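Residue numbering for the sequence shown follows full-length UniProt numbering, starting at 1 and increasing by one per position.
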Amino acid sequence: MVYTNKAYSFIYLEEKIMKVITVKNQLEGAKIGLDIVSEKMAAGAKTFGLATGSTPVEFYNQIINSDLDFTDKTSINLDEYVGLDGSDEQSYRYFMSQHLFNEKPFKANFLPNGKAADLDKEVKAYDEIIDAHPIDLQILGIGQNGHIGFNEPGTSFDVTTHVVDLTQSTIKANSRYFANEADVPKQAVSMGIASILKSKTLILMAWGHEKAEAVKGMIEGEVTESLPASVLQQHDDVIVIIDEAAASLLN
Ligand code: PGA
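Structure (structure tokens):
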């Protein structure tokens, strides 16, 4: 069943509810994201799952320009490239410092260590961090291929933090941040789908036509490992914030 009012559509999927908020543009979406963060903080949220990429940048600007205080909050990021140090400008730790942490201090900011000598140990340690700090609100983008975090199509829904071989399409999409496509790392450490689903609430944001197909599959398609974001249909507290372009293929 689908019904809509002016601002929201609530899409009922196998008795779960995915709340879809369609906005005019990214700025409007980022402001709604900020309102949700603010509500969750007032309700006691302590741990925020964060994402990199272009999608959350305006949302982070809204947080920076707000009076919200994160000095007693913890953040846990989805992923990090293997082989990049946090001081490397292409690393996700560097991205987070530039776009949020330098301006909005938290009590602690966790990201996987892409330079860990023992990656098996690193993924286990990251799972322990997530278990010790249950995520109240997880922010997600979506890849054009439907990935969430670096969980590429075909990733089992059952895995927690793991080392991922990036697909060619992701390497190509992310090459815009690097001098050459060849410089894009070929692996990443990523929270798995099972880690992501542990979050109490998830907000997935998507902007632009290039995300429309993945958004349609996520909301209206079958739940399949071929489109990792479709697993969100099985979580009972997901808020999807999309602009009109990203929503353009929805029925
Ligand atoms: P983007 O990436 O925010 O840069 O579009 C999102 C993703 O690939 O998950």
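Even for Gly, the Cβ is constructed at its ideal location relative to N, Cα and C.
Keep in mind it's a predicted model, so treat the numbers as computed, not measured.
Look at the alpha carbon of residue i and the alpha carbon of residue j, and state the distance between them as a whole number of angstroms.
| i | j | result |
| --- | --- | --- |
| E210 | L68 | 32 Å |
| L34 | V163 | 31 Å |
| M1 | S97 | In this predicted model, M1 has a pLDDT of only 27, less than 50, meaning its place in the structure is not dependable; the value taken from the coordinates is given anyway. Straight-line Cα distance between these residues: approximately 42 Å. |
| Y94 | D88 | 7 Å |
| G143 | A214 | 7 Å |
| N5 | V20 | Confidence is the limiting factor: at N5 the pLDDT is only 39, short of 50, which leaves the residue's position unreliable and the question unanswerable from this model. |
| F101 | F59 | 13 Å |
| L249 | P153 | 20 Å |
| I171 | T161 | 20 Å |
| E220 | Q168 | 26 Å |
Helix, strand or coil, according to DSSP, for residue i in the structure here?
| i | result |
| --- | --- |
| T22 | strand |
| E82 | Residue 82 is actually Val in this sequence, not Glu. Coil. |
| F48 | strand |
For residue i, write down the residues that DSSP places opposite it in a beta bridge.
| i | result |
| --- | --- |
| E28 | Looking at the DSSP assignment, E28 forms no beta bridge with any residue, so it has no partner. |
| H162 | S190 |
| F59 | BP columns for F59 are empty, so no partner. |
| A206 | I242 |
| G143 | DSSP lists no partner for G143. |
| N109 | S75 |
| N151 | I148 |
| T201 | L137 |
Does the separation of the CB atoms of residue i and residue j fall below 7 Å?
| i | j | result |
| --- | --- | --- |
| I241 | I32 | yes |
| G49 | P185 | no |
| D79 | A212 | no |
| F157 | I203 | no |
| L197 | H235 | yes |
How would you write the range of the alpha helix (DSSP H) that residue i sits in, first residue to last?
| i | result |
| --- | --- |
| L140 | Where L140 is concerned, there is no enclosing alpha helix (DSSP H), although the beta strand (DSSP E) it sits in stretches over 137-140. |
| A173 | 168-174 |
| F95 | 92-96 |
| A214 | 212-220 |
| E225 | Element bounds for E225: n/a, residue is neither H nor E. |
Could you pull the start and end residues of the beta strand (DSSP E) that residue i belongs to?
| i | result |
| --- | --- |
| I76 | 74-77 |
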